[in-house]
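Everything in the sequence shown is counted per the UniProt record's numbering, starting at 1 for the first residue and increasing by one. Beta carbons: idealized from backbone N, C-alpha and C, even for Gly. Since the model is a prediction, treat every value here as computed from it, not as a measurement. Report on one structure; see the data block that follows.
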Amino acid sequence: MNLVIIGNGITGVTCALTVRQLRPDARITLISEESPYHISRPALMYAYMGHLRPQDLKPYGDWFWAENRLELVHATVTGLDTAQQQVELSTGLALPYDKLLVATGSVSRVHNWPGQDLAGVQGLYGLADLERMHRETHAVHQAVVVGGGLIGIELAEMLRSRGIAVTMLVRDAHYWGSVLPPEEAALVNRQLQAHGVTVQYGTELAEIIGDEAGRARAVRTSQGEEIPCQWVGLAIGVTPNIGLAQAAGLETDRGILVDEQLQTSQAHVFAAGDCAQHRQPGPEEVPIEQLWYTGRQQGETVAYAICGQPRPYQRGPWFNSAKFFQLEYQTYGRVPARLPAGIHSFYWQHPTEQHLLRINFQADAHGAVMGMNTMGIRQRHDVWDQWLRTATPITQVLSALGTANFDPEFFRRHEAAIVGEFARQFPQYPVAPPRRKGIFSFR
Ligand SMILES: Cc1cc2nc3c(=O)[nH]c(=O)nc-3n(C[C@H](O)[C@H](O)[C@H](O)COP(=O)(O)OP(=O)(O)OC[C@H]3O[C@@H](n4cnc5c(N)ncnc54)[C@H](O)[C@@H]3O)c2cc1C
1 MNLVIIGNGI TGVTCALTVR QLRPDARITL ISEESPYHIS RPALMYAYMG
51 HLRPQDLKPY GDWFWAENRL ELVHATVTGL DTAQQQVELS TGLALPYDKL
101 LVATGSVSRV HNWPGQDLAG VQGLYGLADL ERMHRETHAV HQAVVVGGGL
151 IGIELAEMLR SRGIAVTMLV RDAHYWGSVL PPEEAALVNR QLQAHGVTVQ
201 YGTELAEIIG DEAGRARAVR TSQGEEIPCQ WVGLAIGVTP NIGLAQAAGL
251 ETDRGILVDE QLQTSQAHVF AAGDCAQHRQ PGPEEVPIEQ LWYTGRQQGE
301 TVAYAICGQP RPYQRGPWFN SAKFFQLEYQ TYGRVPARLP AGIHSFYWQH
351 PTEQHLLRIN FQADAHGAVM GMNTMGIRQR HDVWDQWLRT ATPITQVLSA
401 LGTANFDPEF FRRHEAAIVG EFARQFPQYP VAPPRRKGIF SFR
């Protein structure tokens with residue numbers, strides 16, 4: 001089998017490595033325009049901040065690819081010919097395939113703001129953006145970041161690490177309003193304040209104003225305010241990178257449409273990772289998943305389909321984690337920003353420190369847990385995954401909460417306070433005493 005993979009991100013590389021195990025005889029070629037070698041996108045910010053060297057962005061040594069007989073092509077794919085079963089490259093070459101995986105990831109979303117093409121205005125997605133940001137923030141004193149999601153706060157942290165004054169423009173009334181309930185957003189806001197970031201909520205970008213040299217010198221907001229700055233970061237989200245697939249006639253919507261084995265509308269052509277959109281997502285699942293671990297899971301699933309051993313894609317309970325400056329955040333299952341009908345939300349926050357736990361559960365006699373958020377406390381993925389998969393009652397979860405405590409050696413334990421607060425908020429759900437001695441002890 002001759003497998004060609006467009007994209008050497010986590011999805012493409014996981015597929016390549018899985019196919020190598022399943023089909024030792026396969027010829028596998030990975031094509032990428034970004035870099036010949038796979039890089040870790042979540043680690044980009046640490047290279048800018050000087051915590052990692054550029055070579056540390058590569059999870060595998062350069063010898064790894066030849067050792068696993070994976071051929072690397074550093075080029076842009078300019079066209080797909082699904083009738084001839086070949087991809088066309090910017091170098092003028094055409095590569096034939098038996099099976100093709102499109103794993104082209106996402107692109108930063110843009111909005112057509114006046115001035116967005118000025119020097120000193122950019123998003124953050126890949127290596128080219130990182131290099132440009134290195135160059136163009138060199139002599140910058142004031143920056144504006146547009147958008148209050150995960151990449152927006154990464155940009156703010158990167159800029160603050162170099163002492164650059166940062167103003168964030170956030171459209172919603174609170175930070176990441178589409179995802180976080182207000183209490184979680186308030187804790188993130190405290191981090192932003194503590195790290196010297198000025199945030200303007202309920203504010204949108206209207207235009208970016210340039211100087212005579214064609215470089216950003218200020219932004220104007222939806223309220224008509226002019227904020228001086230020499231650099232503008234655009235972080236209003238990402239969108240699936242589907243241009244190539246669209247031009248080749250693959251069925252697309254917001255992403256490249258795929259079935260449960262990640263097969264596209266064309267024979268022998270698969271799509272996975274950020275660029276793919278599930279035609280029929282399972283209950284509680286979203287059609288487009290733009291995360292590192294979902295890219296890995298989809299890369300594995302698609303490898304099995306490519307090798308003729310299909311198994312349906314099943315992500316399992318939703319999971320994500322991030323760090324907002326110093327504040328750790330984890331979310332498991334579903335915790336929407338606004339509480340849906342029929343769901344209770346138990347919420348505990350430490351009176352003085354930045355620790356928070358929210359557990360959503362069914363508002364019926366059984367009280368099955370639906371999802372949880374933590375900030376400043378780390379919980380064990382395997383334990384929560386199991387509780388969510390088995391619809392464990394909230395009372396049982398709380399009496400065993402200590403078993404989910406991640407690395408109790410290093411984290412203060414709050415279970416007693418949490419259970420006490422739960423009894424106050426939900427006396428109709430009595431919590432049994434802890435299963436293990438000492439689980440509720442404070443240190
Ligand atoms: C700054 C940043 C931080 C992030 N942090 C986190 C995090 O902490 N946790 C988390 O879960 N997720 C994070 N994400 C999201 C996560 O990185 C993505 O979900 C994941 O990288 C998607 O993997 P992928 O393989 O599908 O696509 P990508 O990693 O985007 O790889 C796609 C590849 O396709 C190549 N390509 C595209 N078009 C062509 C073409 N025409 N020709 C040749 N090559 C092409 C590109 O060069 C690219 O290398 C972050 C994303 C960003 C941008």
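With distances taken Cα to Cα, identify the nearest neighbour of residue i among the options.
i: R424; options: Y347, A103, R162; result: Y347
i: T352; options: R311, L187, T252, F361; result: L187
i: A103; options: V269, Q396, A365, A341; result: V269
i: V232; options: I6, T221, I208; result: I208
i: L89; options: A248, D98, W384, G79; result: G79
i: T14; options: N68, G50, E212; result: N68
i: H138; options: Q230, V146, G12; result: Q230
i: P228; options: T221, V199, R217, I236; result: R217
i: N189; options: V302, V107, L244, Q326; result: Q326
i: T392; options: V77, P36, M370, A305; result: M370
i: T29; options: Q55, S40, N2, Y37; result: N2
i: E34; options: P24, P430, R20, V73; result: V73
i: V335; options: D81, G376, G177; result: G177
i: P287; options: H381, F64, W318; result: W318
i: Y293; options: W65, G316, Y304; result: G316
i: V140; options: L118, G147, V166, Q116; result: V166
i: I343; options: N320, F426, A305, R378; result: F426
i: P24; options: T76, V383, T395, A303; result: A303
i: D382; options: G367, A337, A404; result: A404
What I want to know is whether the C-beta of residue i ends up closer than 7 Å to one or more non-hydrogen atoms of ligand 1.
i: A103; result: yes
i: D274; result: yes
i: I236; result: no
i: S32; result: yes
i: Y293; result: yes
i: A185; result: no
i: E285; result: no
i: T42; result: Before going on, a small fix: residue 42 reads as Pro here, not Thr. Indeed, a heavy atom of ligand 1 lies less than 7 Å from the Cβ.
i: S106; result: yes
i: N373; result: no
i: T331; result: no
i: E300; result: no
i: E212; result: no
i: T29; result: no
i: T76; result: yes
i: G7; result: yes
i: Q266; result: no
i: Q290; result: yes
i: E131; result: no
i: Y37; result: no
i: E154; result: yes
Quick test of your reading: residue i and residue j, contact by CB under 8 Å. State the CB separation rounded to the nearest angstrom.
i: Q122; j: L234; result: 7 Å
i: A272; j: Q298; result: 4 Å
i: Q223; j: T203; result: 6 Å
i: V145; j: A156; result: 5 Å
i: L205; j: V199; result: Not quite, the Cβ-Cβ distance comes to about 14 Å (not below 8 Å), so this is no contact.
i: G152; j: M133; result: The pair is not a contact, with the Cβ atoms about 14 Å apart (cut-off 8 Å).
i: I5; j: L101; result: 4 Å
i: Q290; j: S108; result: With 8 Å as the limit, Q290 and S108 do not qualify as a contact, their Cβ atoms being about 12 Å apart.
i: A16; j: L70; result: 5 Å
i: T331; j: N373; result: 5 Å
i: L357; j: E183; result: In fact, because the Cβ distance is near 11 Å, the residues do not count as touching under 8 Å.
i: R162; j: V197; result: Going by Cβ atoms, the distance from R162 to V197 rounds to 13 Å, so no, they are not a contact pair.
i: F406; j: R380; result: 5 Å
How far does the alpha helix (DSSP H) with residue i in it reach, from first residue to last?
i: Q298; result: 292 to 306
i: V269; result: It is not in any alpha helix (DSSP H) - V269 instead sits in the beta strand (DSSP E) that spans 269 to 271.
i: R279; result: Note, R279: premise wrong, no alpha helix (DSSP H); not H, not E.
i: R20; result: 10 to 22
i: H74; result: H74 -> not in any alpha helix (DSSP H); beta strand (DSSP E) instead, spanning 70 to 74.
i: G243; result: 243 to 247
i: H134; result: 127 to 136
i: W65; result: 63 to 67
i: G152; result: 150 to 160
Between which two residues does the beta strand (DSSP E) containing residue i stretch?
i: N189; result: Not the beta strand (DSSP E): N189 falls in the alpha helix (DSSP H), residues 182 to 194.
i: Q230; result: Counting along the chain, Q230 falls outside any beta strand (DSSP E), and DSSP gives it neither H nor E.
i: S399; result: Premise fails: S399 lies in the alpha helix (DSSP H), 394 to 399, not in any beta strand (DSSP E).
i: Q362; result: 356 to 362
i: A143; result: 142 to 146
i: I418; result: Run containing I418: none in the beta strand (DSSP E); it sits in the alpha helix (DSSP H), 415 to 425.
i: W113; result: Segment: none, W113 is in no beta strand (DSSP E) and carries neither H nor E.
For chain C, is any of its Cβ atoms less than 8 Å away from the one on residue i?
i: N2; result: The chain inventory of the structure shown lacks chain C, comprising one protein chain alone.
Worksheet entry | Touch test, the segment 36 to 56 against the segment 125 to 135, Cβ-Cβ under 8 Å, three pairs minimum | yes
Discussion item. Closer than 8 Å is the cut-off here; do at least three beta carbon pairs connect the segment 259 to 279 with the segment 303 to 315?
Written reply: yes
Item to complete: Tell me, please, whether the segment 90 to 98 touches the segment 47 to 55 by the rule of three or more beta-carbon pairs shorter than 8 Å.
Response: no
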